[in-house]
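In my numbering, the protein residues as written are 122 to 230.
Think of the CB as a built atom: it goes at the ideal place given N, C-alpha and C, for glycine as much as any other residue.
For reference, the structure is listed below as structure tokens.
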């Protein structure tokens with residue numbers, strides 16, 4: 122292979138298996154993106170993208186992805202209106218960087 126060519130992306134089956142592993146881990150209880158990445162052995166930055174797709178497929182099956190919002194450990198501010206699944210870098214109230222990551226779980230409807 123030429124050094125300029127990028128390797129081909131993972132086959133679809135690998136992604137489906139990965140999302141199945143994420144779904145099984147989330148059914149066991151609430152987990153952060155960091156904990157999920159350690160269990161499924163993928164980079165933490167990829168977890169949010171997979172969770173968005175997983176949330177869509179769960180809705181079709183009568184379940185939903187529950188997000189316990191991130192929280193500032195300094196002032197207690199809760200990021201309730203945040204749509205992104207990633208951990209915020211700073212608190213908008215106190216500008217502190219000690220932010221507890223959001224937790225994810227699967228709930229039945």
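Of the residues the options, the one placed nearest residue i, counting alpha carbons only
{"i": "residue 214", "options": "199, 147, 184, 222", "result": "199"}
{"i": "residue 230", "options": "179, 171, 145, 166", "result": "179"}
Residue i versus residue j: straight-line alpha-carbon distance, rounded
{"i": "residue 221", "j": "residue 193", "result": "6 Å"}
{"i": "residue 218", "j": "residue 168", "result": "21 Å"}
{"i": "residue 196", "j": "residue 212", "result": "9 Å"}
{"i": "residue 150", "j": "residue 210", "result": "25 Å"}
{"i": "residue 223", "j": "residue 204", "result": "11 Å"}
{"i": "residue 161", "j": "residue 174", "result": "16 Å"}
{"i": "residue 134", "j": "residue 206", "result": "A caution first: residue 134 carries a pLDDT of 48, below 50, which makes its placement in the model unreliable, though a value can still be read off. Distance between the alpha carbons of residue 134 and residue 206 is about 24 Å."}
{"i": "residue 228", "j": "residue 148", "result": "8 Å"}
{"i": "residue 187", "j": "residue 125", "result": "42 Å"}
{"i": "residue 216", "j": "residue 181", "result": "39 Å"}
Opening and closing residue of the beta strand (DSSP E) in which residue i lies
{"i": "residue 210", "result": "Neither: residue 210 is in no beta strand (DSSP E) and is coded neither H nor E."}
Residue-chain proximity (residue i, chain C), Cβ-Cβ < 9 Å
{"i": "residue 194", "result": "Of the protein chains in the structure, only one exists, and it is not chain C."}
Ranges of the beta strand (DSSP E) found wholly within the segment 177-204, counting only runs of at least 3 | 184-189
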